[in-house]
Structure formats: C-alpha cells, structure tokens
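Numbering (mature numbering (1 follows the signal peptide of the UniProt record, and there is no 0)), first residue to last: -33 to -1, 1 to 642.
The block underneath contains the structure these notes are about, expressed in structure tokens.
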C-alpha cells in the first residue's frame, strides 16, 4: 500500500507536467499592458473561468476568437486558439485540444509576432506532454520559454520554467534544479501569486527528490519551505485561479511530515490532508482526493488503527460511487488498500470480497489505460500527418504562383518584339517547365511522406533500438570479455585461487561500472579513472602482464569534475589492441595517461601515450583485418555532437617522434567539463 500512494505523491508534486496543473499554463494577467489587446484580455478572462464555469469560459473565448477573425488580427487569433487548446485539455477533450494547438502553432509560423509564437509554442508543448511525447514537449516548451523571456513576460516564464523542470525529472537533476530556480526568480519579478505558487511547487518537488537521495539532513529546511508555500497559498487564495495547486501544496506538506526524522505530528499531518480533501471534492481533482485519502489510510494502517483505515477507504469508495462518473483507477486503488487492511486484521473473508472487486476495477482501469495510450499514439500520428499536409498545401500554392508568373513572363516576352519572341519564349518556357516539374515532384514526394508516415513510426522505433544495440555492443570489446574470462578460468584450473578471485572481482566491478555509467549523462573524473584502472588491469591479465601503465592528473585538476561517461576507454582499447599487442615480445609495453585542464577551465585534456608499433605499422596490419572499431566511431560521433556547446570538443591521433620520444602513438582528447 505504501508503494501505491508514494507513487501518487510524486505524481501530485509533479502534476503540472503530465496530468493537471499545465491547465494553468497561460496566466490571466497580461504580460505587458501596452501590448495586450482587448481581444486577448477577453480570451484571458474566459480562460480564468475554466474551473468555476466551463460553459461560460468556452463561450467567452469563442466570442474573442470570432472578434479576432472579424478584425483580421492574426496575432489575437493565434492567442485565442492557444487559450482554447488549454481549456480543452482541462476538459480532457483530446481531439479538440489537438485541433486548436495545431492551428495556433501553424498560424503563428505565418506571422512575425513574438508574442503569438510564444503562446502557440506553449500550447504545443502542453499537447506533446499530454500525449506522452516528452522530447517534443521539451523542444516546444524551451522555445516558448525563450520567446517569453525575450519580451520579459515573467509570469509566463515562471510557469514554463517549472514545466521544463518537471520534464527533465528524473533523468537530469542539475537541469531540474536549474529551471526550478529560474522559475522562482521569474515568479518574484512578476509579483503574481499564481505564478509564485506554480514555481514554488516545482522547487518543492526538487527539494523532495533531493531528500530521497541525500537523506534527511535538509528535512527541516524543506519543511520551512513547504510551510511558507502553504502560507502563501492561503493568504492569496483569492488571487490564485488554479485552486488545485493549493490542494497540491497541502498534499506535499503532509507527505513531508511522513519523512520526518522525529515522530510524526499527527494533528498537523491530518489537518493538511483534510484541507486537501476539501479542495479535491469542491473542484473535482481526482488525484488530490486519491492521494489525501491514501495518505490518511496508510497512516492509520501503520498506526495499527485498522478499523479507522478501513472506514476511511470505504467512505472514499462511497463518495466516488455517488458521483455521476466512475473513476476505475481510484476504486481499484482503494480496494487494493482494503485488501492490505484485511490481511493485517486477518479477516480473510473480507479479503476475498475486496479482492473480487479489486480485480473488476483493476481490469477496467487497465482497459482505460490501454485506450488512452492508443488515443495518444493516434494523436501523435495525426499531429505529424497534419504538418506534412500543410507543407504539401504550401507546395501546391507555390506551384500555382509559379504558373501565374510563367504566364506573365510569356506575355512580357511577346511585348518585347517579334525578332526575339520565339527564342525568348522557347528558353523561358523550358526553364519554367523544368521548375514546374521539379515542384510537382516535390509535391508527389510530400504526398508519399504522408502515406508512409505510419510505416515510418515503426521504422523509427526499429532504428532507435538498433542504435541502442550498437551503443551496448560498443561499451566493451567481446573479444576482451571472452579472453579475460578464459584467463580467469585458466587460473582457477591451475589452482591460482587468490589471483583468480582478485581478477574476477575486477571483471565484475568493471562490468557493473560500464553498465551503470552508460545510463548516466555525467560521471566524475574519479569514477572514469577507476573504470580505466579496472579495464587496463584486466588487459594486463589477458596479455600475460606484458605492459605497464600510469595514470596521472595535473595538480590543478579536481577529480570530482563531471565529464561524459565512457569516452576514454575506446582509445585505451586501441592502444592495447593495435599498438602494444602486435609488438615484439622482448619489448615491454607501456601506456601513459595524463589529465589537465585547458586555460579557460572549460575542458579536460586527456593525453594517452603508448610505445606500441605506431600508426603506420598498425595501418598495414589492419588491411587484412575485417574488424572495425565501432566504439571509436561512436565516440567520435558523440564528441562531434558536443561541439555545438563546446567547439573545442574532439580528439587527435598522431605518431610519436621516433628520435625524441621513441616509437608509439599519442592521442589527445578534448573532453567538455559539464556543470
């Protein structure tokens, strides 16, 4: 039962992004008074009534849209469509949501108005988040954030930065913190209570996640922050349109009480949950109601008051069944909780009854979830298909325009004179005909793209899986794995138990490090060095301890700096396989690895030296070798992509000077230092 409601708590804290509070995406207060039209104010006023009177809200917004169309004001028209899109999200009408968001965005591309483009991008970001297209949601939300920042719309920036923070969670904690803090700054500048509460919920979510990773040392600071958030929500409740956000604040504070290092303050805990339940009932916010009842039930269950917990869950079920709609997810959750309480009470007859009802509603919940996923997939396809159709129509319009120009050109040629008429007509006719054929071919290609869109969805998925397989294959050379295991097996057979166990531990640790680091965006330099040591020592075992190695860092280099994972190992692998391994047995191999920072402190320069056979000799041996270094190729691609943010990222490979340094190879890698 703890896992059921713990997941709900996290959804409640981050409810802005995928579920509920993105309904508040566009604030009712205008960004700059002198640039806000009467039509936009009218649409904003209608949008503000989406919770209290849905019918009136839609009516006012439609009137604003009609007025914008009548005035032929495309900027107002885009903004009205954006408001209508987000209102349809509040009503869970996916088709209308998709229609209005697409219309707003593509109309905004035809005009050069920053304000309209910002609203449209925000609506599209909300749509992509709703249909679980997280990459596209991030792309559109970041576009909206940039545009609203350009016109200093701090209220909108606060909310969009909060949404971006949720979208980056949990994959990138540094970016979660970055955008949550920026949201707080914009909210303070806006002076708007709704934006401030929106931003504080995002930053509170970051603080709660941080407690789960670093422990309870900062619990008191987090508690103070959440109490301030609830106090703000209560003092300025009249200024906050999204009452559901106030309920979320109460839920978050109650949840934090359960993480207290001291005995829980029962009175304060239950008081916050009662307030959250009242808001959930008044404004029909299902997830807040489920979380509030679940927290109370779990608390009384843990306390041993099973009767009170059971009555609480039964009241929640009865309340739900009294409503005109059925929430199968909520009912399945409550019946699951009642099963747990029955087990603790050892009332197995009641357990059987609850289990039967749980199975019924759980199946209905599963059916609804499956249907929702299918609808979201269809919406993603329709959105992409509509984009292609719009491009096709643009090509057709361009073709028609070209045909008109062709007629004018012919008429102009005829007026020049009879002498040059035939020649000019012939060459110009051929030029425009070729151009027309080219445009028709592009039109046909666009039509084929629309027809193949559904097939490309499957092909794109296959391509992504193929890339993941390539990345996994490139993480460690299979020959190295088999040889290392073979050597360890040989030691065991020769009863060299102690070294065999030592190297087996190193091999297991290396494998775990590679798998863990491949799923991270950044690792510390210290982690990278430890992985390299394990890898090189296993290579020493494989080559009968035929070479030495040294790893050194410049005094100015701090080993806790963050870098992209698994960039250096492929070059060490090449040094061993193509440099040290082919050289004569009487030559003792050596690999030297040095780390230092560049002058600006933005990059880490890694130098790898070996005394192997060198590039020229290695190249001759590779002529008959069909093996390709997949890991080096992928590493090069990774470094190339990093050049967008760090132009110096990359690597160079060269021969050592035989006269001064002896034979061998030098690799210099410029690795970006990540924040």
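Don't be surprised by glycine CBs; every beta carbon is placed ideally from N, CA and C.
Note that the coordinates shown come from a computational prediction; the quantities given were computed from them, not determined experimentally.
* Classify residue 236 as helix, strand or coil using the three-state DSSP reduction. => helix
* For residue 222, which of 262, 44, 472 and 374 has the nearest alpha-carbon? -> 262
* Cβ shell of residue 636 (< 6 angstroms), same chain only, five flanking positions each side left out -> 573 and 618
* **the region 20 to 30 / the region 63 to 76 touching (three or more Cβ pairs under 8 angstroms)** => no
* In three-state terms, what does DSSP make of residue 615? -> coil
* Give the secondary structure of residue 295 by DSSP, where H, G and I count as helix, E and B as strand, and everything else as coil. => helix
* Asked: Is it true that the CB of residue 169 sits closer than 7 angstroms to the CB of residue 147?
  -> yes
* **Opening and closing residue of the beta strand (DSSP E) in which residue 637 lies** => 632 to 639
* Asked: Can you round the beta-carbon distance between residue 83 and residue 46 to whole angstroms, since I take them to be within the 8 angstroms contact cut?
  -> 6 angstroms
* Go ahead and pull the three-state DSSP assignment for residue 381. => helix
* Asked: Taking just the CA atoms, how far does residue 319 sit from residue 310?
  -> 10 angstroms
* To do: Measure the C-alpha to C-alpha separation of residue 9 and residue 327 and round it to an integer number of angstroms.
  => 46 angstroms
* So what does DSSP say about residue 279, is it helix, strand or coil? -> helix
* Taking only the alpha-carbon atoms, compute the straight-line gap between residue 230 and residue 282 and give it to the nearest angstrom. => 27 angstroms
* Quick one, are the C-beta atoms of residue 508 and residue 454 less than 7 angstroms apart? -> yes
* To do: State the DSSP-derived secondary structure class of residue -31, mapped to helix, strand or coil.
  => A caution first: residue -31 carries a pLDDT of 41, below 50, which makes its placement in the model unreliable, though a value can still be read off. Residue -31: helix per DSSP, three-state reduction.
* Asked: By Cβ distance below 6 angstroms, which residues in the same chain neighbour residue 200 in space, the five residues on each side in sequence not counted?
  -> 164, 213 and 216
* Taking Cβ positions, are residue 295 and residue 331 nearer each other than 7 angstroms? -> yes
* Asked: To the nearest angstrom, how far is it from the Cα of residue 257 to the Cα of residue 55?
  -> 23 angstroms
* Which residues mark the beginning and the end of the alpha helix (DSSP H) in which residue 13 is found? -> 5 to 15
* To do: Please report how far the alpha carbon of residue 145 lies from the alpha carbon of residue 175, in whole angstroms.
  => 15 angstroms
* Under a three-way DSSP split, which group does residue 514 fall into? -> strand
* Asked: At what residues does the beta strand (DSSP E) containing residue 563 begin and finish?
  -> 556 to 564
* Beta-carbon spacing of residue 129, residue 90 below 7 angstroms -> no
* Extent of the continuous beta strand (DSSP E) to which residue 570 belongs -> 570 to 577
* To do: Helix, strand or coil for residue 490, going by three-state DSSP, please let me know.
  => strand
* **Range of the contiguous alpha helix (DSSP H) that encloses residue 197** => 186 to 202
* Sheet register partners of residue 667 (DSSP bridge) -> Because the chain here runs from -33 to 642, residue 667 falls outside it and cannot be looked at.
* Asked: If you draw a straight line from the C-alpha of residue 642 to the C-alpha of residue 268, how long is it?
  -> 44 angstroms
* Asked: Residues in its own chain within less than 6 angstroms of residue 490 by CB, not counting five upstream and five downstream?
  -> 484 and 532
* Taking all protein chains shown into account, do 16 or more other C-beta atoms lie within 10 angstroms of the C-beta of residue 439, making it buried, or fewer, making it exposed? -> Residue placement at residue 439 is flagged as unreliable, the pLDDT there being 45, under the threshold of 50; a coordinate-derived value is accordingly withheld.
* **Beta bridge counterpart(s) of residue 622 as assigned by DSSP** => 632
* Asked: Which partner residues of residue 529 appear in the DSSP bridge assignment?
  -> 491 and 641
* In three-state terms, what does DSSP make of residue -8? -> Low local confidence applies: a pLDDT of 40 at residue -8 is under 50, so the model's placement there is unreliable, with the coordinate-based value given in what follows. DSSP places residue -8 in coil when its eight states are reduced to three.
* To do: Return yes when the Cβ of residue 271 is within less than 7 angstroms of the Cβ of residue 304, no when it is not.
  => no
* Grouping DSSP H, G and I as helix and E and B as strand, with all else coil, what is residue 44? -> helix
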